[in-house]
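Note sheet for the following structure.
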Amino acid sequence: MEKEQYQQLEQNVTPKPPYIKNIAKAFFVGGLICTIGQAVSLFYIIFFNFTEATAGNPTVATMVFFAMLLTGLGLYKRIGQFAGAGSSVPVTGFGNAVISAAIEHRSEGLVLGVGGNLFKLAGSVVLFGVVAAFFVALIKYIFVMIGVVSW
Amino acid sequence: MTLPLLVVLLLNGCAEKEKFIVYGPSQNGSEVEALIKEEDYVERSTVIHYDDSMLVAVQIKPWEKWKKTKLEKKLQKKFDEKYPNKDVFVSADYKIFYEANKIKKDQIEDNKLSDKIKELKELAKEKT
Numbered sequence: 424m425e426k427e428q429y430q431q432l433e434q435n436v437t438p439k440p441p442y443i444k445n446i447a448k449a450f451f452v453g454g455l456i457c458t459i460g461q462a463v464s465l466f467y468i469i470f471f472n473f474t475e476a477t478a479g480n481p482t483v484a485t486m487v488f489f490a491m492l493l494t495g496l497g498l499y500k501r502i503g504q505f506a507g508a509g510s511s512v513p514v515t516g517f518g519n520a521v522i523s524a525a526i527e528h529r530s531e532g533l534v535l536g537v538g539g540n541l542f543k544l545a546g547s548v549v550l551f552g553v554v555a556a557f558f559v560a561l562i563k564y565i566f567v568m569i570g571v572v573s574w
Numbered sequence: 485m486t487l488p489l490l491v492v493l494l495l496n497g498c499a500e501k502e503k504f505i506v507y508g509p510s511q512n513g514s515e516v517e518a519l520i521k522e523e524d525y526v527e528r529s530t531v532i533h534y535d536d537s538m539l540v541a542v543q544i545k546p547w548e549k550w551k552k553t554k555l556e557k558k559l560q561k562k563f564d565e566k567y568p569n570k571d572v573f574v575s576a577d578y579k580i581f582y583e584a585n586k587i588k589k590d591q592i593e594d595n596k597l598s599d600k601i602k603e604l605k606e607l608a609k610e611k612t
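Protein sequences appear in the order of chains A and B.
Heads up, the first sequence is in my numbering, so the first residue is 424 and it goes up one at a time.
Heads up, the second sequence is in my numbering, so the first residue is 485 and it goes up one at a time.
Put into structure tokens, the structure is as follows:
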């Protein structure tokens, strides 16, 4: 069998992924997570001394905490299977990545297992986040120096 | 069945609320209201008068929120020009708006009011 023939055969056999359905699922579950985040943010604004500008930090921490709790209880993987990117793109996906790595390497010990592998998946998020923030700030600094925009 | 009913009830709740509120002893309440109504990006506002100062809490329409800081500064400038001998503080933050409405609802007295306003001003300047 030729290589092209095999590829042809493979393409005929492989079921077509339901793109539209997956996109709709991700859209609604991602939207639901963001709605919960907005509710948490409003909770901090109304019941504590946080403004719209400062409520972001505790909200992110709370959402990550919720995701960590759900991961530990084994519920987040079900959400992930159902919604795909809808559950991993919001900040809750970060909490899930941290805790699932910790659970996976628990048997290797507390320091070298959990401690060493905690940021195995989430480390790249932190690294690229910091690098991207640096470059965005640099570009904005240059724009401010030229005088196009102001801080 | 219950969902449409709920939506109707929610919408009714929104329609009944006063959109532009001026609270406190003031001679130029309607003037301030007209001044804010001129700006078509303001959705709702609550103004608190006390002594020689004014707290202007506004909520900006959804699509205009991208330019929130700029519009806030614009409104502040407008009020500063209009009332040069008054200490005006403009904020588009939801927290300030919420607390301003609470002041109106609870009818807080003058001696507590200035402390409360001072606290809100400090809160609005906080960055982290």
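Note that the Cβ used here is the ideal one computed from N, Cα and C, for glycine as well.
With DSSP collapsed to three states, give me the class of residue i.
i        : result
Ala478/A : coil
Ser573/A : coil
Glu425/A : coil
Pro496/A : Looking at the sequence provided, one finds Leu at residue 496/A rather than Pro. It is coil, neither helix nor strand.
Phe566/A : helix
Phe488/A : helix
Is it the case that the CB of residue i approaches a heavy atom of the ligand PLP more closely than 6 Å?
i        : result
Leu519/B : This structure lacks the ligand PLP; in fact it carries no ligand of any kind.
In the DSSP assignment, find the unbroken alpha helix (DSSP H) run with residue i in it and report its ends.
i        : result
Val543/B : The displayed chain sequence assigns Gln, not Val, to residue 543/B. Per DSSP, Gln543/B belongs to no alpha helix (DSSP H); it is in the beta strand (DSSP E), 537 to 544.
Glu556/B : 552 to 566
Ile443/A : 442 to 470
Gln504/A : 499 to 506
Asn585/B : 578 to 590
Val516/B : 513 to 522
Glu548/B : Unbroken run through Glu548/B: none, as it is neither H nor E.
Glu603/B : 594 to 609
How far does the beta strand (DSSP E) with residue i in it extend, from its first residue to its last?
i        : result
Val506/B : 504 to 507
Thr613/B : In the structure displayed, chain B extends from 485 to 612; residue 613/B sits before or after that span and is not available.
Val572/B : 571 to 575
Here's the rule: buried if 16 or more other CB atoms are within 10 angstroms of the residue's CB, otherwise exposed. What is residue i?
i        : result
Pro700/B : Examination of residue 700/B is not possible in this model, given that chain B is present from 485 through 612 alone.
Glu522/B : exposed
Ala425/B : Any property of residue 425/B remains undetermined from this structure, which presents chain B solely from 485 to 612.
Ala484/A : exposed
Ala541/B : buried
Ser529/B : buried
Thr458/A : exposed
Thr612/B : exposed
Asn480/A : exposed
Phe470/A : exposed
Gly495/A : exposed
Met424/A : exposed
Ala556/A : exposed
Leu561/A : exposed
Val574/B : buried
Ala608/B : buried
Ser464/A : buried
Ala576/B : buried
Gly460/A : buried
Ala525/A : buried
Ile532/B : buried
Tyr442/A : exposed
Phe473/A : buried
Val554/A : exposed
Thr553/B : exposed
Ile601/B : buried
Met568/A : exposed
Phe563/B : buried
Ile580/B : buried
Residue i and residue j look like a contact to me (Cβ under 8 Å); what is the Cβ gap, rounded to whole Å?
i        : j        : result
Glu475/A : Tyr582/B : Actually they do not touch by this definition, with Cβ atoms about 10 Å apart.
Ile522/A : Ser510/A : Wrong, their Cβ atoms sit about 14 Å apart, outside the cutoff.
Tyr525/B : Ser598/B : Their Cβ separation, rounded to whole angstroms, is 30 Å, which puts Tyr525/B and Ser598/B out of contact at 8 Å.
Ile468/A : Pro513/A : Not confirmed; about 20 Å, so no contact.
Gly453/A : Ala520/A : Contact flag wrong, Cβ pair sits at about 16 Å.
Phe517/A : Val487/A : 6 Å
Glu527/B : Ile544/B : 6 Å
His528/A : Val537/A : 6 Å
Leu604/B : Lys566/B : Contact doesn't hold; Cβ gap of about 22 Å is too wide.
Thr515/A : Phe489/A : 7 Å
Leu586/B : Met538/B : Per the sequence shown, residue 586/B should be read as Lys rather than Leu. 17 Å between Cβ atoms; not a contact.
Taking Cβ-Cβ distances shorter than 9 Å, what residues in chain C pair up with residue i?
i        : result
Thr437/A : Within the model displayed, chain C is absent; protein chains A and B are what it includes.
Every unbroken alpha helix (DSSP H) inside the region 501 to 560 of chain A [4 residues or more]: Correct list: 508 to 511, 515 to 527.
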